[in-house]
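J.: For the record, in the sequence shown the residue sitting at position 25 is 35 according to the numbering used here, with numbers rising by one throughout.
A virtual CB, placed ideally from N, CA and C, is assigned to each residue, including glycine.
Computed from a predicted structure; not experimentally measured.
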Amino acid sequence: MQLLNIPPAKPNGSIFTRHTARAIVLNGNNILLLFTARYDDYTLPGGGVDENETIEAALLRELQEETGVKSITQCNAFGRFEEVRAWYKDDFDYVHIVSDCYVCEICGEFDKPQMEHYEVANGMRPVWVNIDDAIAHNKQTLAQSEKKGLSIQREIFLLEEIKKRLIN
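(1) Mind the definition here: the region 88–108 touches the region 72–79 only if three or more C-beta pairs lie below 8 Å; say whether that holds.
(2) Taking residue 107 as part of the alpha helix (DSSP H), name the residues at either end of that continuous run.
(3) Please state the DSSP three-state secondary structure of residue 49.
(4) Could you check whether residue 40 and residue 140 sit closer than 7 Å to each other, using their CB atoms as the reference points?
(5) Given this structure, state the Cα-to-Cα distance separating residue 34 from residue 127, to the nearest angstrom.
(6) Quick one: is residue 175 buried, meaning 16 or more other Cβ sit within 10 Å of its Cβ, or exposed?
(7) Does the region 40–54 come within contact of the region 152–165, defined as at least 3 CB pairs closer than 8 Å?
(8) Apart from the five residues on each side of it in sequence, which residues of its chain come closer than 8 Å, Cβ to Cβ, to residue 145?
(9) Among 28, 46, 90, 95, which one has its Cα closest to the Cα of residue 60?
(10) Is it right to say residue 177 is buried, meaning 16 or more other beta carbons lie within 10 angstroms of its own, or is it exposed?
(11) Along the chain, which unbroken stretches of the alpha helix (DSSP H) at least 4 residues long are found entirely within the region 20–107?
(12) On the DSSP bridge assignment, give the partners of residue 135 in chain order.
(13) Am I right that residue 67 and residue 132 are in contact with their C-beta atoms under 8 Å? What's the rounded C-beta distance?
(14) Can you tell me whether DSSP reads residue 178 as helix, strand or coil?
(15) From this set, 87, 22, 151, 94, which residue's C-alpha is nearest residue 31's C-alpha?
(16) Hey, could you find the ends of the alpha helix (DSSP H) residue 154 is sitting in?
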């Protein structure tokens, strides 16, 4: 799909790659997203692929942990989004994030999400939201909020691609 490349401040800086899996779950014009109060934004459910874990297994694990969805009945590849940006820890200068996105169908039953401590502390919760409302909200946060997260540009791009390719 796209590579978002932040020009490096250190041209020869160290970089590591982080693979992620992200789920797209639709119900008409509504999409299952995560709202994070700390950053005031909407993001696709998903996260890092652990060592020796397949992308599909990571997708299922993350979707169940973050949203509580009980059963995924089907997943189809949507696309890959790659980005390079400055890293905030001392071990590397940059991170190359590779996000594999999948369109998933679910059975519609949910358990309580089993989020990680930092996700709970950030006020993250799963929500069904109209995709146009999510895009508009994230754009407003990007333009006006000082507390926006680093992923908001990726999420706006992905939501617009989802709308263009799957809803319109």
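T.: Let me spell this out:
(1) no
(2) It is not in any alpha helix (DSSP H) - residue 107 instead sits in the beta strand (DSSP E) that spans 104–116.
(3) coil
(4) yes
(5) 24 Å
(6) exposed
(7) yes
(8) 166, 169, 170, 173
(9) 28
(10) exposed
(11) 65–77
(12) 45
(13) At roughly 25 Å, the Cβ-Cβ gap does not stay under 8 Å, so residue 67 and residue 132 are not in contact.
(14) coil
(15) 87
(16) 141–154
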